[in-house]
Amino acid sequence: MISAADLRTLSDTIMARLPGATTAAAVDALEAEALGPDAPVTAARRSLRDAPDAVRRELGQAVNEVTGRISVAARERRLALAAAERDTRLDEEWLDMSLPGRAPARGKAHLVSTVWDEVVDIFVALGYTVAAGPEVETAYYNFDALNTPPTHPSRLESDTLYVAHGDDPEGVLLRTHTSPVQARYMETHRPPVYMVVPGRVYRRDAIDATHTPVFHQLEGLAVDDAITFGDLKGTLEHFARTFFGSRRRVRFLPHFFPFTEPSAELHVDCFACEGSGCRVCRESGWIELLGCGMVDPNVFVAVGYDPAVVSGFAFGVGIDRLAMIRYGVPELRMFFDPDLRILRQFR
Ligand code: PHE
């Protein structure tokens with residue numbers, strides 16, 4: 012006959028062994044050692060019916076107590092084991108499904124913009140002001156104020172893009188150079204004038220390697236009480252050397268522009284071959300850079316300056332052309348091509 016004390020001893024033993032059961036099956040087996048069909052607790056419960064009253068009460072209490080204690084402890088142990096197993100699997104069985112994130116594409120300045128800024132900076136460093144004017148211009152500022160006679164070939168519809176506006180079919184146009192801003196600026200500013208105008212200009216050109224209907228120029232104008240051709244030479248030589256390298260030499264060839272007199276074409280010796288002749292300079296050793304000259308007295312009169320009191324020089328340089336020469340870009344139209352493979356080559 013099993014006593015209440017035997018049951019409690021058994022219960023203590025089972026409770027002590029429970030932490031050593033590390034699988035659900037081991038916990039089941041341990042629980043069955045006390046509570047299984049033929050195990051002591053079950054046998055004791057069966058014996059209660061025939062037990063004397065004095066024993067039944069104490070033994071019944073022990074059976075209930077031990078059954079509750081062991082089954083609760085076994086259930087807690089199974090839950091703890093299941094939780095530990097889940098944690099282990101979460102730690103071990105994971106896949107990295109994250110992607111490396113897409114970097115946003117970063118833009119940068121177009122090569123023409125970079126050269127534009129660089130050229131402007133060269134003149135700003137000399138104390139020049141940056142001015143601007145309209146791209147849709149009147150024939151007066153584009154031609155007349157610049158001493159360009161009504162018969163001048165540049166006015167031909169084959170060269171100039173006219174805008175249908177007003178009565179005169181040739182009264183409004185897309186400016187063919189940045190020079191009209193010279194006249195606009197002088198009309199509204201007293202001398203001394205030291206200014207540059209970077210901007211878009213338009214010509215009725217068929218597209219080829221060196222022509223596009225729109226391109227970029229930088230106009231320069233210096234007017235003071237005693238500006239000479241020597242000032243023009245020194246200023247433009249400084250520009251050529253700052254842009255193409257300090258060893259560069261320049262030369263001036265006679266030229267003609269209606270708004271300057273005398274006029275010249277500035278050449279710089281070839282930075283690629285040091286002047287000995289190569290593909291960049293088409294074997295001549297020299298590169299044509301820009302047009303320039305001393306401001307024509309008629310231009311001063313048109314804007315209300317007194318040519319007896321002031322003198323000045325002006326120049327106009329192609330910004331795209333500068334970029335093509337220095338970076339060896341073979342076709343002007345590449346600057347107007349949205350193909351990023353072209354644009355990305357220039358940092
Ligand atoms: N406007 C001239 C051109 O477009 C360049 C120039 C500007 C020449 C100023 C002389 C003085 O070709």
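In the working numbering, the protein residues as written are 12 to 358.
Ideal Cβ placement from N, Cα and C applies to all residues, glycine included.
Own chain, CB closer than 8 Å to residue i, minus 5 neighbours either side, in chain order
i	result
P251	Contrary to the premise, residue 251 reads as Ala rather than Pro in this sequence. The answer, listed in chain order, is R259, V261, L277, V279, L300.
D236	P202, P203, V320, V321, S322
G315	M197, E198
P2	The question about residue 2 has no answer, for the chain in this structure spans 12 to 358.
N158	P269, F270, D307, N309, V310, A313
T20	none
G296	D280, C281, C284, G286, S287, G288
R215	E168, S169, D170, T171, L172, P224
Buried versus exposed call for residue i [16 or more other C-beta atoms within 10 Å across all chains shown]
i	result
A156	buried
Q228	buried
W127	buried
I238	buried
P51	buried
R152	Going by the sequence as given, residue 152 is Tyr instead of Arg. The residue is buried, with at least 16 neighbouring Cβ atoms inside 10 Å.
T189	buried
Ligand 1 heavy atom lying under 8 Å from the CB of residue i
i	result
L247	no
H188	yes
A194	no
F263	no
G315	no
F270	yes
L300	no
G339	no
V212	yes
S274	yes
F154	no
G327	yes
C292	no
C303	yes
6 Å CB neighbourhood of residue i in its chain, flanking five on each side removed
i	result
V130	L229
M335	none
F233	Here the sequence assigns Ala to residue 233, which means Phe is not the residue at that position. Closer than 6 Å at Cβ, skipping near neighbours: Y205, G323, F324.
Closer than 8 Å: residue i CB and nearest ligand 2 heavy atom
i	result
E230	With respect to small molecules bound, the structure shown includes ligand 1 and not ligand 2.
Beta-bridge pairing of residue i - partner residues as DSSP gives them
i	result
E276	L264, G302
S322	D235
Contact with chain D by residue i, beta-carbon distance below 9 Å
i	result
G304	Going by chain labels, chain D is absent from the structure shown, which holds only one protein chain.
Cβ neighbours of residue i in the same chain (closer than 7 Å, five flanking residues each side left out)
i	result
A84	M26, L29
A91	none
Anticipated Cβ contact below 8 Å, residue i with residue j, distance rounded
i	j	result
F255	F226	Not confirmed; about 20 Å, so no contact.
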